[in-house]
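Residue numbers (my numbering): 8 to 142.
1) Measuring straight from C-alpha to C-alpha, what distance separates residue 142 and residue 102?
2) Ignore the nearest five residues each way along the sequence and tell me which others in residue 38's own chain have a CB closer than 7 Å to its CB.
3) Can you tell me the Cα-Cα spacing of residue 94 and residue 118, whole angstroms?
4) Looking at residue 34: is its Cβ nearer than 8 Å to the Cβ of residue 58?
5) What are the boundary residues of the alpha helix (DSSP H) that residue 9 is part of?
6) Are the beta-carbon atoms of residue 53 and residue 42 separated by less than 8 Å?
7) My guess is that residue 113 and residue 89 are in contact by the Cβ rule of under 8 Å, so how many angstroms apart are they, rounded?
8) State the DSSP-derived secondary structure class of residue 59, mapped to helix, strand or coil.
9) Comparing C-alpha positions only, which one of 21, 36, 109, 96 sits nearest to residue 120?
10) Between the alpha carbons of residue 22 and residue 76, how many angstroms are there, rounded?
11) Exposed or buried, residue 47, counting other C-beta atoms within 10 Å across all chains shown (16 or more means buried)?
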């Protein structure tokens with residue numbers, strides 16, 4: 008349990024958004040009771056609701072990806088914190104192009120010799136987004 012294992016396991020989980028992974032890696036990483044705050048949705052989501060949201064985005068967008076910049080991985084005993092600058096980008100099927108600059112944070116915990124995500128928060132730098140852009 009160290010910064011490097013947190014980095015490796017978190018990066019594998021989010022690799023679905025960087026074109027290299029699959030959904031099971033992402034959803035296996037996050038705890039069944041995980042809470043997610045997403046720039047698209049104006050309320051806190053549980054894991055099944057976020058899974059539905061990701062499946063909706065995958066069906067309604069082309070080339071959806073996360074571009075992560077300046078990530079930091081910190082470990083405090085059995086708790087991990089991931090922070091980064093994030094750009095969410097993609098092309099809605101019937102609309103122009105989406106690009107949102109965000110801040111990402113994730114709280115993780117170490118259990119059974121691996122990291123688990125307890126929280127994921129992606130938040131737009133400008134304000135909360137209420138509509139697909141351009142709408």
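Beta carbons: idealized from backbone N, C-alpha and C, even for Gly.
So, to answer that:
1) Taking the chain shown and counting its residues from 1, one reaches residue 142 at position 135. Taking the chain shown and counting its residues from 1, one reaches residue 102 at position 95. Because residue 142 sits at a pLDDT of 48, beneath the cut-off of 50, its placement in the model cannot be relied upon, and the point is left open.
2) Position 31 of the chain shown, counted from the first residue, corresponds to residue 38. Correct list, in chain order: 123, 124, 125.
3) Along the chain shown, read from residue 1 onward, the residue named residue 94 stands at position 87. Along the chain shown, read from residue 1 onward, the residue named residue 118 stands at position 111. C-alpha separation (whole angstroms): 30 Å.
4) Mapped onto the chain shown, residue 34 falls at position 27. Mapped onto the chain shown, residue 58 falls at position 51. Cβ distance < 8 Å, so residue 34 and residue 58 count as in contact.
5) If you number the chain shown from 1, residue 9 lands on position 2. Looking at the DSSP string, residue 9 is not in any alpha helix (DSSP H), and its letter there is neither H nor E.
6) Sequence index remark: in the chain shown, residue 53 carries index 46 (1-based). Sequence index remark: in the chain shown, residue 42 carries index 35 (1-based). Against a cut-off of 8 Å, the Cβ pair of residue 42 and residue 53 comes out as a contact.
7) Walking along the chain shown from the start, residue 113 turns up at place 106. Walking along the chain shown from the start, residue 89 turns up at place 82. Yes, residue 113 and residue 89 are in contact; Cβ-Cβ is about 4 Å, under 8 Å.
8) Numbered from its first residue, the chain shown carries residue 59 at position 52. Of the three classes helix, strand and coil, the one that applies to residue 59 here is helix, per DSSP.
9) Within the chain shown, numbered from 1, the residue matching residue 120 stands at position 113. Among 21, 36, 109, 96, the Cα nearest to that of residue 120 belongs to 36.
10) Taking the chain shown and counting its residues from 1, one reaches residue 22 at position 15. Taking the chain shown and counting its residues from 1, one reaches residue 76 at position 69. Roughly 14 Å separates the two Cα atoms.
11) In the chain shown, counting from the first residue as 1, residue 47 sits at position 40. Looking at its Cβ environment, which holds 16 or more other Cβ atoms inside 10 Å, residue 47 is buried.
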